[in-house]
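Peer 1: First, the structure itself, so that you have it in front of you.
2 protein chains.
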Amino acid sequence: MQSRSERIFSALTDPVDAILIMNGGANFADSTFKYVSGVTRGGYEGCSAVLRPGTRPMLVVSMLEEESAATAPDCDVTAFKTLAIQQEILKTILGTPKRIGVNSTAIVHSKVKLLEELFPDVKIVDAAGAVSQARLVKDDIEVDLVRRACRVTSDVTAEIPSMLREGMTELELATQIDREVQNRGGRAAFDTIVCFGRNGSEPHYSPGDVPLRRGDMILVDFGAQLHDYCSDITRMFVFGRATPEQRAMFDVVHRAQSAALEITTAGKPAKEVHRKVVELIDATEFAGRFIHGTGHSIGLDVHDGGGINAASELTFAPGMIMTVEPGVYVPGVGGVRIEDTVLVAENGAEILTPVTKDLVEVEA
Amino acid sequence: MQSRSERIFSALTDPVDAILIMNGGANFADSTFKYVSGVTRGGYEGCSAVLRPGTRPMLVVSMLEEESAATAPDCDVTAFKTLAIQQEILKTILGTPKRIGVNSTAIVHSKVKLLEELFPDVKIVDAAGAVSQARLVKDDIEVDLVRRACRVTSDVTAEIPSMLREGMTELELATQIDREVQNRGGRAAFDTIVCFGRNGSEPHYSPGDVPLRRGDMILVDFGAQLHDYCSDITRMFVFGRATPEQRAMFDVVHRAQSAALEITTAGKPAKEVHRKVVELIDATEFAGRFIHGTGHSIGLDVHDGGGINAASELTFAPGMIMTVEPGVYVPGVGGVRIEDTVLVAENGAEILTPVTKDLVEVEA
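Sequence lines, in order, name chains A and B. With the numbering used here applied, the first sequence corresponds to residues 670 to 1033, in that order. With the numbering used here applied, the second sequence corresponds to residues 670 to 1033, in that order.
So, in structure tokens, the structure goes:
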């Protein structure tokens, strides 16, 4: 089996002497460091992975995390105490490279400038496409980890009806959901979205002090991260009985999501799935109210590379893991989104979040 | 009072037509977006803030978060549906700029390349120093928010002795601490570090399935993020009675931390504080066992700019908020670190995490 590093080199169109995966500060770590090293947990702030064709990855890590890095399978490890020493190590390892690949969407600009200073004659090559292509198709270990993260979200989703109380706030419900994720060994993969009533009209709404009222439609969008791998799910509830208007909005999205899932399979261009969803929604009273992409790749990152949208050049292949999440949003009224995480297979897609996607009416 | 955007321009050495704060994917958001806009919560993935001298910041945000962005005080907001439209908006706002500043340590390389494509004759100027300098000195709103985050960590630290049970794992204790942070409205500012016994020898150790045994020394390093602002604290415990060896290690660090706090004040070069700590530890049996910097600025980010280390060029000024956290680490034996978050003042430094820093012996 190809190593993950070899998968990246295989996907490269332009040859390079090495690919440097370089983490910036705490908020700027490239999860590709974890992808190539196989380490789980840990921040590896300011650390680097040096990938060269035909060799094991070399992890250049801070002494603060040297013992953890040593657990990485099939990697060599060297530790630095200061940034100056790290630079000397990189020069020693790399010599006088002519071409260095970087993951341009996940490396801060200052690190690229540093490479240009350390290696004056080097040409920086964008390897982001190759990294993304390698990571899009998950290996068996990764599929298993996403599956486990999805099980957490499914189990927690099933508990949501029992959490609802009149007058509770969006933030309180979000916190309860996060706790149930923690009870199962995970943590929130992103800020949990809980919208009561008309707040559902903003897709990336942040939950606030809004109290739950009888008749509210409830949108919950959350994910679990477990051993670094992520899941993502959105489900809809009504606190009481759904009105005909609520049900009409829900039904359109439900039909669109089902239609998208039906045609999600290996060999299908992602944009055709998106087009199908747009056509279906635009043929209803909610025309123009679907304002985002249909889905995204998910793995070590919640947004893990490719997307399902109008501009996507992605063609589905077995082993890709995607979200499928159409929605409609009416400012002042509310919104509906239904989302599953799915594993693309030769014939169809396996839903990894198989908890009911009905509009669940919860007795108020 | 100067706006935060004006503070950044005041700190610039080279003039620019505009500074672009550009968020990348979910893991690559520049907290400077929140600094200049004053928005709290929300991810603003792929969004930008355009700063120009003498004008209000212009937030260029996704339609997914348009309603939230509209709550930003003293900002203008424009929304995009696709990346292509965002680019058109930036071209319309900026015209034909000659010089654009970027925050090079918090912008991904691909965004800089995009700017070079959108504006062929532009010169990209590194504004990271000015951004950092502006953010290093907190304004009253920021000091209040860090103070509140610190209160959460102090209160939770006081609860730690009552959480300890023989046989509990490091991960279980870390989860309980995170929950108590949540109970107070915050969330973990970074992965909570809990080390039992000899695991304390790795400064950035990740808690695992190791059970608590009688006689273990316990290192807990955690922070709370509340309304986006962070706190950071490290305290030491013993499950039972401390041995003379444990106490000797603790006492050295305690003396070093006290000595550092004594000389932390406006006008003092940060590296002198670090030098003092190194000298003090290197004069003991733990010479060479202090392997990281003495502290770092903290605010919207846990590592918020400057540091207290040998290479630091920082001179303390009133309103800076720093951690002070010497430690010693002996592989195979364990480690000790004591850390406070402090507010630099004209005469001294106010400890914002005033919970006891004794070596707390907890009855086993």
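Where is the CB? At the ideal position from N, CA and C, for every residue including glycine. Here the structure is a predicted model, which means the values were calculated and not measured.
Determine, using beta carbons only, whether residue 1016 (chain A) comes closer than 8 Å to chain B.
Peer 2: Working through the first sequence from its first residue, we reach residue 1016 (chain A) at position 347. No, its Cβ sits nowhere closer than 8 Å to a Cβ of chain B.
Peer 1: Is it true that the CB of residue 693 (chain B) sits closer than 8 Å to the CB of residue 774 (chain A)?
Peer 2: Counting from one through the first sequence, the residue named residue 774 (chain A) turns up at place 105. Counting from one through the second sequence, the residue named residue 693 (chain B) turns up at place 24. Between residue 774 (chain A) and residue 693 (chain B), the gap from beta carbon to beta carbon is short of 8 Å.
Peer 1: Tell me whether the beta-carbon of residue 777 (chain B) lies closer than 8 Å to the beta-carbon of residue 776 (chain A).
Peer 2: Stepping through the second sequence from its first residue, residue 777 (chain B) is reached at position 108. Stepping through the first sequence from its first residue, residue 776 (chain A) is reached at position 107. Between residue 777 (chain B) and residue 776 (chain A), the gap from beta carbon to beta carbon is short of 8 Å.
Peer 1: Indicate whether residue 855 (chain B) and residue 827 (chain B) have their beta-carbon atoms separated by less than 8 Å.
Peer 2: Counted from its first residue, the second sequence places residue 855 (chain B) at position 186. Counted from its first residue, the second sequence places residue 827 (chain B) at position 158. It is not a contact, given that the beta carbons lie outside the stated cut-off.
Peer 1: Please give the ranges of any alpha helix (DSSP H) in the segment 750-787 of chain B, keeping only runs that are unbroken, at least 4 residues long and fully inside the region.
Peer 2: Here the runs fully enclosed are 752-763, 778-787.
Peer 1: Would you say residue 871 (chain B) reaches chain A, if we count a Cβ-Cβ gap shorter than 8 Å as a contact?
Peer 2: In the second sequence, counting from the first residue as 1, residue 871 (chain B) sits at position 202. Yes, contact with chain A.
Peer 1: Using a Cβ-Cβ cut-off of 8 Å, state whether residue 750 (chain B) counts as contacting chain A.
Peer 2: Start at 1 with the first residue of the second sequence, and residue 750 (chain B) comes out as number 81. Residue 750 (chain B) counts as touching chain A.
Peer 1: Under 8 Å, with one C-beta from each stretch per pair, do the segment 881-890 of chain A and the segment 746-758 of chain B reach the 3-pair mark?
Peer 2: no
Peer 1: From residue 841 (chain A) to residue 857 (chain A), what does the alpha carbon distance come to, in whole angstroms?
Peer 2: Reading the first sequence from its first residue, position 172 is the one you call residue 841 (chain A). Reading the first sequence from its first residue, position 188 is the one you call residue 857 (chain A). Whole-angstrom Cα-Cα distance: 15 Å.
Peer 1: Taking buried to mean at least 16 other C-beta atoms within 10 Å of its own C-beta, is residue 671 (chain A) buried or exposed?
Peer 2: Against the first sequence, residue 671 (chain A) aligns to sequence position 2. It counts as exposed.
Peer 1: State yes or no: is the beta carbon of residue 712 (chain A) nearer than 8 Å to at least one beta carbon in chain B?
Peer 2: Start at 1 with the first residue of the first sequence, and residue 712 (chain A) comes out as number 43. At least one chain B Cβ lies under 8 Å of residue 712 (chain A).
Peer 1: What distance in whole Å lies between the Cβ atoms of residue 717 (chain A) and residue 759 (chain A), which are believed to be in contact at a cut-off of 8 Å?
Peer 2: Here residue 759 (chain A) refers to the residue found at position 90 when the first sequence is read from its first residue. Here residue 717 (chain A) refers to the residue found at position 48 when the first sequence is read from its first residue. Indeed, because the Cβ distance is near 7 Å, the residues count as touching under 8 Å.
Peer 1: Using a beta-carbon distance cut-off of less than 9 Å, what residues from the segment 766-786 of chain B approach chain A?
Peer 2: Those would be 771, 772, 773, 774, 775, 776, 777, 778, 779, 780, 781, 782, in chain order.
Peer 1: So residue 707 (chain A) packs on residue 873 (chain B), CB below 8 Å; how close in whole Å?
Peer 2: As a working mapping, residue 707 (chain A) is identified with position 38 in the first sequence. As a working mapping, residue 873 (chain B) is identified with position 204 in the second sequence. That pair is no contact at about 18 Å.
Peer 1: Please state whether DSSP places residue 894 (chain B) in a helix, a strand or coil.
Peer 2: Position 225 of the second sequence, counted from the first residue, corresponds to residue 894 (chain B). Of the three classes helix, strand and coil, the one that applies to residue 894 (chain B) here is strand, per DSSP.
Peer 1: Would residue 964 (chain B) and residue 899 (chain B) be called neighbours here (beta carbons separated by less than 8 Å)?
Peer 2: Within the second sequence, numbered from 1, the residue matching residue 964 (chain B) stands at position 295. Within the second sequence, numbered from 1, the residue matching residue 899 (chain B) stands at position 230. No, Cβ-Cβ distance for residue 964 (chain B) and residue 899 (chain B) is not below 8 Å.
Peer 1: For a test of the three-state rule: what should DSSP assign to residue 907 (chain B), helix, strand or coil?
Peer 2: Mapped onto the second sequence, residue 907 (chain B) falls at position 238. Reduced to three states, the DSSP call for residue 907 (chain B) is strand.
Peer 1: If we ignore side chains and look at the alpha-carbon of each, how far apart do residue 686 (chain B) and residue 800 (chain B) end up?
Peer 2: Within the second sequence, the letter at position 17 stands for residue 686 (chain B). Within the second sequence, the letter at position 131 stands for residue 800 (chain B). Whole-angstrom Cα-Cα distance: 15 Å.
Peer 1: Would DSSP call residue 717 (chain A) helix, strand or coil?
Peer 2: Against the first sequence, residue 717 (chain A) aligns to sequence position 48. Of the three classes helix, strand and coil, the one that applies to residue 717 (chain A) here is strand, per DSSP.
Peer 1: Between residue 886 (chain A) and chain B, is any beta-carbon pair separated by less than 8 Å?
Peer 2: Indexing the first sequence from 1 puts residue 886 (chain A) at position 217. No, residue 886 (chain A) lies away from the interface with chain B (no Cβ there is under 8 Å from its Cβ).
Peer 1: Taking the Cβ atom as the reference point for each residue, do residue 885 (chain B) and residue 865 (chain B) lie within a distance shorter than 8 Å?
Peer 2: For the purposes of this step, residue 885 (chain B) is taken as residue 216 along the second sequence, with counting starting at 1. For the purposes of this step, residue 865 (chain B) is taken as residue 196 along the second sequence, with counting starting at 1. A Cβ-Cβ contact shorter than 8 Å links residue 885 (chain B) with residue 865 (chain B).
Peer 1: Confirm, please, whether the CB-CB distance from residue 1028 (chain A) to residue 905 (chain A) is below 8 Å.
Peer 2: Residue numbering aside, residue 905 (chain A) sits at position 236 when the first sequence is read from its first letter. Residue numbering aside, residue 1028 (chain A) sits at position 359 when the first sequence is read from its first letter. Against a cut-off of 8 Å, the Cβ pair of residue 1028 (chain A) and residue 905 (chain A) comes out as a contact.
Peer 1: For residue 874 (chain B), name the three-state secondary structure that DSSP assigns.
Peer 2: Counting from 1 along the second sequence, the entry for residue 874 (chain B) is found at position 205. The answer is coil: DSSP assigns residue 874 (chain B) none of H, G, I, E or B.
Peer 1: Considering just the uninterrupted stretch of the beta strand (DSSP E) at residue 865 (chain B), what are its terminal residues?
Peer 2: Locating residue 865 (chain B) in the second sequence gives position 196, counting from the first residue. Residue 865 (chain B) -> beta strand (DSSP E) spans 862-865.
Peer 1: Using alpha carbons as the reference points, say which of B:930, B:882, B:929, B:761 lies closest to residue 910 (chain B).
Peer 2: On the second sequence, residue 910 (chain B) is found 241 positions in, with the first residue counted as 1. The residue with the shortest Cα to Cα distance from residue 910 (chain B) is B:882.
Peer 1: State the Cα-Cα distance for the pair residue 810 (chain A) and residue 743 (chain A), rounded to the nearest angstrom.
Peer 2: Against the first sequence, residue 810 (chain A) aligns to sequence position 141. Against the first sequence, residue 743 (chain A) aligns to sequence position 74. Looking at the two C-alpha atoms, the distance is approximately 15 Å.
Peer 1: Under three-state DSSP, which class holds residue 791 (chain A)?
Peer 2: The sequence position of residue 791 (chain A) within the first sequence is 122, counting from 1. Note: residue 791 (chain A) maps to coil in three-state DSSP.
Peer 1: Could you tell me the distance, in whole angstroms, from the CA atom of residue 922 (chain A) to the CA atom of residue 934 (chain B)?
Peer 2: Residue 922 (chain A) sits at position 253 when you count from the first residue of the first sequence. Residue 934 (chain B) sits at position 265 when you count from the first residue of the second sequence. Cα to Cα, residue 922 (chain A) sits roughly 59 Å from residue 934 (chain B).
Peer 1: Kindly list the residues whose CB is nearer than 7 Å to the CB of residue 780 (chain A), restricted to its own chain and excluding five residues on each side of it in sequence; keep chain order.
Peer 2: Translated into positions along the first sequence, residue 780 (chain A) becomes position 111. If we look at residue 780 (chain A) and ignore the five residues flanking it on each side, its Cβ neighbours are 691, 693.
Peer 1: In angstroms with no decimal places, state the Cα-to-Cα distance between residue 697 (chain B) and residue 1032 (chain B).
Peer 2: Counted from its first residue, the second sequence places residue 697 (chain B) at position 28. Counted from its first residue, the second sequence places residue 1032 (chain B) at position 363. Cα to Cα, residue 697 (chain B) sits roughly 44 Å from residue 1032 (chain B).
Peer 1: Could you tell me the boundaries of the alpha helix (DSSP H) in which residue 818 (chain B) lies?
Peer 2: Against the second sequence, residue 818 (chain B) aligns to sequence position 149. Residue 818 (chain B) -> alpha helix (DSSP H) spans 809-832.
Peer 1: In the segment 730-742 of chain A, which residues sit with their C-beta less than 8 Å from some C-beta in chain B, listed in chain order?
Peer 2: 731, 732, 733, 734, 735, 736, 737
Peer 1: With which residues is residue 899 (chain B) paired in a DSSP beta bridge?
Peer 2: If you number the second sequence from 1, residue 899 (chain B) lands on position 230. B:894, per the DSSP bridge assignment.
Peer 1: Determine whether the beta carbon atoms of residue 870 (chain B) and residue 860 (chain B) lie at a separation below 8 Å.
Peer 2: For this step, residue 870 (chain B) is matched to residue 201 along the second sequence. For this step, residue 860 (chain B) is matched to residue 191 along the second sequence. No, the pair does not count as a contact, with Cβ atoms beyond the cut-off.
Peer 1: DSSP beta-bridge partners for residue 984 (chain B)?
Peer 2: For the purposes of this step, residue 984 (chain B) is taken as the residue at position 315 of the second sequence. Listed as beta-bridge partners of residue 984 (chain B) by DSSP are B:938.
Peer 1: From the DSSP output, in three-state form, read off residue 913 (chain B) for me.
Peer 2: One-based indexing of the second sequence puts residue 913 (chain B) at position 244. The answer is helix: DSSP assigns residue 913 (chain B) an H, G or I state.
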